[in-house]
Amino acid sequence: MSAITLRSVVKRYGSVEVVHGIDLDVEEGEFVVLLGPSGCGKTTTLRMVAGLEDVSDGELSIGGRRVNEVAPKDRGVAMVFQNYALYPHMTVRQNMEFALRPLSLDAAEVDRRIRDAAGILGLGELLARKPAQLSGGQRQRVAMGRAMVRTPDVFLFDEPLSNLDAKLRTQVRLEIGKLHNRLGTTVLYVTHDQVEAMTLADKIVIMQNGHIEQVGTPEEVYAHPDNMFVASFIGSPSMNMIPARHEGGRLRADGLDLTVPTRFEGRLSEGQETVIGVRPTGLRCAEPGAADAVVARVEVTEFLGNEALLDIRIGDHELIAEIPAAGRPAPGDAVHLTFDPVAIHLFDPQTGATLSR
Amino acid sequence: MAYIRKRNRRIFMTFLLPAMLVLFLTTIYPMLYAGYLSFRSYDLAKPFVPRMFVGWANYQQVLTSGDFLNALSITFQLMVITLSIQLVVGVGLALLVTQRLPGMGVARTLLLIPMMISPVIVGLVWLFLYFPELGYLNYFLSFVGIDPIPWITSPNWALWAIAIADIWQWTPFIMMGTAAALTSLSPEPYEAARIDGNTRWQVFRHVTLPQLKPVLVSLLFLRAIDAFKIYDIIFVLTKGGPGDSTEVLSLYIYRQSFTFWQMGVGAAASFVSLIIIVVLITLFFKSLNRDQTA
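This is the structure:
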């Protein structure tokens, strides 16, 4: 049993509340990513699980045991920090040995664990080096090794890839994924990078301002966002948002007049204000005269290889469309676009909640 | 270009000249002159007798004199006592004042005050405290039932009395440097150690101390040089006495030169001290630093 459970967990610093009573279930062996912008409370939540911050209110359990008052070392967790947190004066081997010291293992076992971890992470050649002699990626692997040798029930990762350059980030990301597949340990992982979240997570927890906005698989949060925040936070470029009004069975906005997709029929009252959300990939170039085609003016085109991004203007709305690069229009052109009905999301402009549920 | 560089150099030299001149007059010339004197017989009581060349005689006298060896031994005793206590207490205070506790900022400033006082004043302050019958220290000790201690009048206590005054004055120096080093250590390794369950002592011994070592070595180095030159406090408190129980090298040299008026012997003693301090301190800190560079 190594599931993590948070029940109405609150974190306050003095009178300032930064985490507002969140509920979360992490199943055993699951890779769960806490995702959100800076200051959303994701790192604070992770640090509460680690025991580095006290839980102000609510209940935190690991493996079915309440751990609110349990010291960090007795929670069965190991943490990997953003800036590695290696002991700078110790070699790679000594760093791992020091982490094992509290477990009072015999020398042979210590050596076996270090060799195992070094083997899995490819640190064999580096055991005698000090952190200053390692690259960023190597340091992060040592930090992971130091967490691994303790064979914890839960791995906690606090933005482990933020200090790495883009290429290394991809590489270490793959290694973390492989490591999880191999060890099968429960992982709680904090990041602000949606690519990391989408590629690594079994389950993504999207947070904002100390609240959980949505919990779901990467597919769920991408395809079925619960609200406008999740919809615009996940996906790159962001989802286009167009304020509109429901009039006579159609969605109308400046320069826009669309048929209501069948799955929203009956969910909208006449004259209701709504927000149309459509990802750049949900816009298609069309022949003039196609049903529901709208006229858009192309302002900028960005060539990405297979695809191109078009910055377009419809009425007074600025949108981004992603289309095949071949035959893309030039800036200044007027193009006809259709909205893929399947790709259309509708949100309540007041609450931000989706209208599809 | 060449012209400008040449002109610049002339300007540099002009600005440097006064400092060079002072350095030469107050340090380099006296040192060379002392070197010259150390090979001559020069009795201040007979200033008009020619200063005869005596070869190594002055050095021989110094190195075979029990007084000199006594002074050397006392200097090292004082150095070991003060440096070790300053190190332990200074690091302890640094750990304390870097805690996020109320009042630590004020405490930190107050603790620095002794360091800012001139050693002569420190000597006078402690003279009042140590004063045999009327001193505050014995007065306060009487409350806890301790009989008056002959702080500066007994050969058994005088060195400790001086050590205490020096420790009082210079512990803040170690504290300040250590506190600065402590605040520059990154907090994450400490959090990692907390999660891993290392004890506070293990963390201090294996994480904090090794990272502080370069700073501590430098601080001790500076303190060691100062301790070797200690003069003012002792001059005010005991003048080297009782007997020669607190006569350190600087006082021995002073006594040879200005009490016995044997300038040649005093100069030779200065050079011997200089060589000893350079050799010993270099060896000591080389050994401390060995694993640092490896």
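These protein sequence lines are chains S and E, in that order. Using our numbering, read the first sequence as starting at 27 and increasing by one per residue. Using our numbering, read the second sequence as starting at 3 and increasing by one per residue. Even glycine gets a Cβ: it sits at the ideal position worked out from N, Cα and C.
Query                                                                                                                      : Result
Whether S/L284 touches S/F365 by CB criterion (7 Å)                                                                        : yes
Interface flag, S/H115 vs chain E, CB-CB below 7 Å                                                                         : yes
Minimum Cβ-Cβ distance from S/F107 to chain E less than 7 Å                                                                : yes
E/L222 beta carbon less than 7 Å from that of E/T100                                                                       : no
Stretch pair the stretch 166-176 of chain E + the stretch 203-212 of chain E: three plus CB contacts closer than 8 Å       : no
For E/L131 and E/W263, the rounded distance between their alpha carbons                                                    : 34 Å
E/L239 vs E/L139 beta-carbon contact at 7 Å                                                                                : no
Complete runs of the alpha helix (DSSP H) confined to the stretch 166-235 of chain S [at least 4 residues]                 : 192-209 and 220-226
Extent of the continuous alpha helix (DSSP H) run through E/K231                                                           : L211 to K231
Chain-order list of residues whose beta-carbon lies under 8 Å from that of E/A1 (same chain, five-residue window excluded) : Outside the modelled stretch of chain E, which goes from 3 to 296, sits residue 1 of chain E, for which no answer is possible.
Proximity below 7 Å, CB of S/E181 to CB of S/V213                                                                          : What sits at residue 181 of chain S in the sequence shown is Phe, not Glu. Cβ atoms of S/F181 and S/V213: closer than 7 Å.
Interface flag, E/L290 vs chain S, CB-CB below 7 Å                                                                         : no
Chain E residues whose Cβ lies nearer than 9 Å to that of S/P98                                                            : E193, R196, I197, D198 and G199
Closer than 7 Å to chain E by CB, S/A76                                                                                    : yes
N- and C-terminal bounds of the beta strand (DSSP E) containing S/A334                                                     : E333 to I340
Assigned secondary structure, E/T16 (DSSP; H/G/I helix, E/B strand, else coil)                                             : helix
Inter-residue spacing [alpha-carbon to alpha-carbon] between E/R257 and E/A271                                             : 11 Å
Unbroken stretches of the beta strand (DSSP E), 3 residues or longer, contained in the stretch 72-137 of chain S           : 83-88 and 103-106
Option in E/L34, E/R12, E/M15 and E/S40 with minimal Cα separation from E/G266                                             : E/S40
Alpha carbon of E/F50 to alpha carbon of E/L25, nearest angstrom                                                           : 29 Å
Proximity test, Cβ basis, 7 Å: E/V209 and chain S                                                                          : yes
Chain-ordered residues of the stretch 204-228 of chain E with a beta carbon less than 7 Å from chain S                     : Q204, H208, V209, P212 and Q213
Any C-beta of chain S under 7 Å from that of E/E249                                                                        : no
Counterpart residues of S/R323 in DSSP-defined beta bridges                                                                : S/R339 and S/A360
Three-state secondary structure assigned by DSSP to S/K37                                                                  : strand
Residue from S/Q166, S/R101 and S/P157 whose Cα sits closest to the Cα of S/H115                                           : S/P157
Residue burial classification, E/F14 (beta-carbon count within 10 angstroms, cutoff 16)                                    : exposed
Bounding residues of the beta strand (DSSP E) (the contiguous stretch that carries S/P269)                                 : N266 to E273
Secondary structure of E/S86, DSSP reduced to three states                                                                 : helix
7 Å Cβ cut-off: residues of chain A touching S/P128                                                                        : Here chain A cannot be found, since the structure's protein chains are S and E.
Contact with chain E by S/A227, beta-carbon distance below 7 Å                                                             : no
S/A29 at chain E interface by Cβ criterion, 7 Å                                                                            : no
Secondary structure of E/F26, DSSP reduced to three states                                                                 : helix
Under 9 Å by beta carbon: chain E residues contacting S/V103                                                               : I197
Exposure of S/K204, with buried meaning 16 or more beta-carbon neighbours within 10 Å                                      : exposed
Three CB pairs or more closer than 8 Å across the stretch 303-319 of chain S and the stretch 257-268 of chain S            : yes
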